[in-house]
Amino acid sequence: MSVTDKIAARLPRIVAERTERGPVVAAVRLHGVITPTPTPMARNTISMQTVESALTRAFEHDRLVAVALLINSPGGAPTQSALVAERVRELAAKKKVPVLAFCEDLAASGGYWLACAGDEVYAHGTSLVGSIGVVSAGFGLNGLIERYGVERRVHTAGENKVRLDPFSPEKPEDVEWLKGLQAQLHEQFVAWVRERRGAKLTATDDELFNGEVWTGAKAVELGLVDGLGTLRSVVAKRYPDAEIAIAEPRRPLLARLGLAGATTRSGDFLAEGLAALEERARWSRFGL
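Here you go:
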């Protein structure tokens, strides 16, 4: 038998095997702080840039029956949270498949914003969920540079061009301006949660939107999540014949090489170190 004949003889079996393969639930990991500017020290971050390819791959499966979002995040940049969530909804509408969101250790602030992109939201009983609010944090370094005799020189056109400069003393009017921005962002966050959760919410606005965080078990009572469960337990019940395919977002090059602590220039060390401390602080607020 020729090579051509052998290949031809196998074709029906190959086609049959492909036809018999079951449905797919594609899962995308959304792990880390949400930021548009990841540093080499950050091992996992979430942004539109880092997750776009993973989301696209997840929704492109030809046997797709659902997409799962595996969320583990203390939050971060509100714009990136909104962009990723909106992209999920765009792809879900295009492909006409349900999206199941799973809160793992933490889905707080922007992490919960992402969870609300799901048609259904699940959590573990011990998960931490919520923190529907807005926070800004940084460092005041004016005393540090004075101690070492460093002179800060900033020249602007426009009196409000430099607000809350970490190397200058804090001004009350700048803090008031920041609180105004936070209030506007908080309103948008609340509107998104109401849009996505609607009548499922069972508590008052004062209880839900004050920045508090709850366990997954309590979040079910409040209507912030639909039930308790993990990816495998829910998929096994809803889609017993489905294969779970994990799509991993892109990671920074140094993290992929195992050099997440490396920096390319010594001058970057302070900025990178402060960014790493800020990232660590976001997790530490929730005891993680």
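According to the UniProt record's numbering, the stretch in the sequence shown is residues 1 to 288, in order.
Don't be surprised by glycine CBs; every beta carbon is placed ideally from N, CA and C.
Please read these numbers as outputs of a predicted model, since none were measured by experiment.
Less than 9 Å separates the beta-carbon of Gly110 from that of Ser81. Between the alpha carbons of Lys94 and Pro36 lies a distance of about 26 Å. Residue pairing of Cys103 in beta bridges, as defined by DSSP: Ile71 and Ala123. Burial is judged here by how many other beta carbons sit within 10 angstroms of a residue's own beta carbon; Thr202 has fewer than 16 and is exposed.
Rounded to the nearest whole angstrom, the C-alpha separation of Leu224 and Gly140 is 36 Å.
In the structure shown, Leu64 adopts extended strand secondary structure according to DSSP, grouped into three states. Per DSSP, Leu208 is one residue of the alpha helix (DSSP H) stretching across Asp205 to Leu208. When secondary structure is reduced to three states using DSSP, Arg163 falls in the coil class, being assigned neither helix nor strand. Rounded to whole angstroms, the separation of the alpha carbons of Trp113 and Glu90 is 16 Å. Restricting attention to Glu195, Val65 and Ala54, the CA atom closest to the CA of Ala236 is found in Val65. Put simply, the backbone Cα of Asn210 is about 34 Å away from that of Arg238. With a threshold of 16 other beta carbon atoms within 10 Å, Pro74 meets it and is buried. Within the same chain, Ile71, Ala115, Ala123, Ser127 and Val129 come within 6 Å of Cys103 by CB-CB distance, once the 5 residues on both sides are set aside. When only Cα atoms are considered, Val213 and Leu228 end up about 16 Å apart.
Rounded to whole angstroms, the separation of the alpha carbons of Asn44 and His31 is 6 Å.
Boundaries of the beta strand (DSSP E) around Ala27: Val24 to His31. Looking at the DSSP output, Trp214 bridges to Val129. Around the CB of Arg232, fewer than 16 other CB atoms lie within 10 Å, so the residue is classed as exposed. Here Ala242 carries a coil assignment [DSSP, helix/strand/coil].
Rounded to whole angstroms, the separation of the alpha carbons of Asn142 and Pro169 is 6 Å. Under the criterion of beta carbons closer than 8 Å, Leu55 and Arg21 do not qualify as touching, at roughly 23 Å. Nearest C-alpha to Ala247 among Ser47, His186, Pro23 and Glu60: Glu60.
Under the three-state reduction of DSSP output, Thr50 falls in the helix class. Note on geometry: alpha-carbon atoms of Thr156 and Ala183 lie some 27 Å from one another. A Cβ-Cβ distance of about 5 Å is found for the pair Glu243 and Val24, placing them in contact under the 8 Å criterion.
The Cβ atoms of Leu100 and Val121 sit closer than 9 Å to each other. Residue pairing by DSSP places Ile145 in no beta bridge whatsoever. In this structure, the straight-line span from the alpha carbon of Asp226 to that of Arg153 is close to 53 Å. Comparing alpha-carbon positions, the option among Lys161, Lys200 and Ala108 lying closest to Val220 turns out to be Lys200.
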